[in-house]
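This report refers to the structure that appears directly beneath it.
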DNA sequence: AAACAGTACAACCGCATATAT
DNA sequence: CATATATGCGGTTGTACTGTT
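Residue numbers (the UniProt record's numbering): 1 to 247.
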């Protein structure tokens, strides 16, 4: 018997756009049984859809917290900043923007923002600054204590010369570091767009009321040192505010 | 009004990773 | 430890909608 890739028997599985009745059935099912166990959802809801399709429909369209309509200016700013920090980690970016789904953001990035950047004929440098993501990559999507990634961290020595490479976080995985990752994306700006502070949970203040110019000047002199490693990308992230003014 | 082009976004697909057995 | 299964993610595609000629 032909099977779909996820192992479900291919018994007249429906594809394409969802009807209102299907939406209602799915919504009712989730209300009753809660999210998760997607494998059972099509059966419970009486839908001829695969579990992936159900999950996607719920997460991207039916979920009650989803915000629809135009992206606001501050959301766009945040997307650009987070993309610079995280790259195409759409789910992580979406996690920082309430009401927006990874799919929404990905679509918006690909259709709106890329086009916007393409329309800047004489600003190659600015474009490359935004598009050239120096990605902080918390490699695994979730941190299970049995994850292969953690095993690798425990067994391989930290290679300081490759700090912030795209392989993995070259930090010992202490509670403090985990907290630092959690707080990484929380920052505050004043009315001029200057970054006021980026702090770890341990209260380690990385930047204090620094203007872009101050930071750039300090960086040229090699004075900006953030946290325990080479976190120069944080400074680039700050610089992004000046780039954003051009959008 | 019809044909066509461009755009936006929902949905699908393949893969990586986590979890269960 | 190996294998099977489930889950979630990012890239890509398909199509409905809108604007232009």
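Built from N, CA and C at the ideal position, the CB exists for glycine as well.
* To do: Return the CA-CA distance between residue 111 and residue 24, expressed in angstroms with no decimal places.
  => Within the first chain, the letter at position 111 stands for residue 111. Within the first chain, the letter at position 24 stands for residue 24. Distance between the alpha carbons of residue 111 and residue 24 is about 30 Å.
* To do: Assuming residue 103 and residue 60 form a contact by the criterion Cβ under 8 Å, report the distance between their Cβ atoms to the nearest whole angstrom.
  => For the purposes of this step, residue 103 is taken as the residue at position 103 of the first chain. For the purposes of this step, residue 60 is taken as the residue at position 60 of the first chain. That pair is a contact at about 5 Å.
* Which runs of the alpha helix (DSSP H), 4 residues or longer, sit entirely within the UniProt domain "Myb-like" (10-62)? -> 20-33, 41-45, 51-57
* Asked: Taking all protein chains shown into account, do 16 or more other C-beta atoms lie within 10 angstroms of the C-beta of residue 42, making it buried, or fewer, making it exposed?
  -> Along the first chain, one-based indexing puts residue 42 at 42. By the 10 Å Cβ count, residue 42 comes out buried.
* Asked: Would you report the Cα separation of residue 26 and residue 100, rounded to the nearest angstrom?
  -> The residue labelled residue 26 in the question sits at position 26 within the first chain. The residue labelled residue 100 in the question sits at position 100 within the first chain. C-alpha separation (whole angstroms): 20 Å.
* Whose CA, out of 46, 18, 49, 54, lies closest to the CA of residue 275? -> The question about residue 275 has no answer, for the chain in this structure spans 1 to 247.
* Which class does residue 70 belong to by DSSP, given the choice of helix, strand or coil? -> In the first chain, counting from the first residue as 1, residue 70 sits at position 70. Reduced to three states, the DSSP call for residue 70 is coil.
* Asked: If you count every other CB in all the chains shown that lies within 10 Å of the CB of residue 84, and 16 or more means buried, which is it?
  -> Sequence index remark: in the first chain, residue 84 carries index 84 (1-based). Burial call: buried.
* Span of the alpha helix (DSSP H) around residue 96 -> In the first chain, counting from the first residue as 1, residue 96 sits at position 96. Segment: none, residue 96 is in no alpha helix (DSSP H) and carries neither H nor E.
* Helix or strand or just coil, what does DSSP make of residue 110? -> Numbered from 1 along the first chain, position 110 holds the residue referred to as residue 110. In the structure shown, residue 110 sits in a helix (DSSP, three-state: H, G or I).
* To do: Pull up the CB-CB distance for residue 22 and residue 47, whole angstroms please, since I reckon it's below 8 Å.
  => Working through the first chain from its first residue, we reach residue 22 at position 22. Working through the first chain from its first residue, we reach residue 47 at position 47. Residue 22 to residue 47, Cβ: 6 Å. Contact.
* Report all residues from its chain with a CB closer than 8 Å to the CB of residue 67; omit the five preceding and five following residues, and keep chain order. => By 1-based counting over the first chain, the position of residue 67 is 67. These residues qualify, in order along the chain: 98, 99, 100.
* Asked: Out of curiosity, what's the CA-to-CA distance linking residue 62 and residue 45?
  -> Reading the first chain from its first residue, position 62 is the one you call residue 62. Reading the first chain from its first residue, position 45 is the one you call residue 45. Distance between the alpha carbons of residue 62 and residue 45 is about 14 Å.
* Pick from 18, 114, 92: whose alpha carbon is nearest that of residue 58? -> Within the first chain, numbered from 1, the residue matching residue 58 stands at position 58. Considering only alpha carbons, the answer is 18.
* Asked: residue 65 by DSSP, collapsed to three states: which one?
  -> The residue you call residue 65 lines up with position 65 of the first chain. Residue 65: coil per DSSP, three-state reduction.
* Asked: Mapping DSSP to helix, strand and coil, what is residue 81?
  -> For this step, residue 81 is matched to residue 81 along the first chain. Residue 81: helix per DSSP, three-state reduction.
* Can you tell me whether DSSP reads residue 88 as helix, strand or coil? -> One-based indexing of the first chain puts residue 88 at position 88. In this structure, residue 88 counts as coil in the three-state DSSP scheme.
* **Chain-order list of residues whose beta-carbon lies under 6 Å from that of residue 39 (same chain, five-residue window excluded)** => Within the first chain, residue 39 is the residue found at index 39, counting from 1. 51.
* **Straight-line Cα distance separating residue 32 from residue 106** => Residue numbering aside, residue 106 sits at position 106 when the first chain is read from its first letter. Residue numbering aside, residue 32 sits at position 32 when the first chain is read from its first letter. Answer to the nearest angstrom: the Cα atoms are 30 Å apart.
* Member of 72, 77, 80, 30 whose CA lies at the smallest distance from the CA of residue 56 -> If you number the first chain from 1, residue 56 lands on position 56. Measuring from the Cα of residue 56, the nearest candidate turns out to be 30.
* Asked: From residue 82 to residue 93, what distance separates their C-alpha atoms?
  -> By 1-based counting over the first chain, the position of residue 82 is 82. By 1-based counting over the first chain, the position of residue 93 is 93. Going by the C-alpha atoms only, they are around 6 Å apart.
* Asked: Is residue 113 closer than 8 Å to residue 96 when the C-beta atoms are compared?
  -> As a first step, residue 96 is located in the first chain; it is residue number 96 there, counting from the start. As a first step, residue 113 is located in the first chain; it is residue number 113 there, counting from the start. No, they are not a contact pair.
* At a cut-off of 7 Å, is residue 17 close to the ligand SAM when judged by its beta-carbon and the heavy atoms of the ligand? -> No copy of the ligand SAM appears in this structure; indeed no ligand is present at all.
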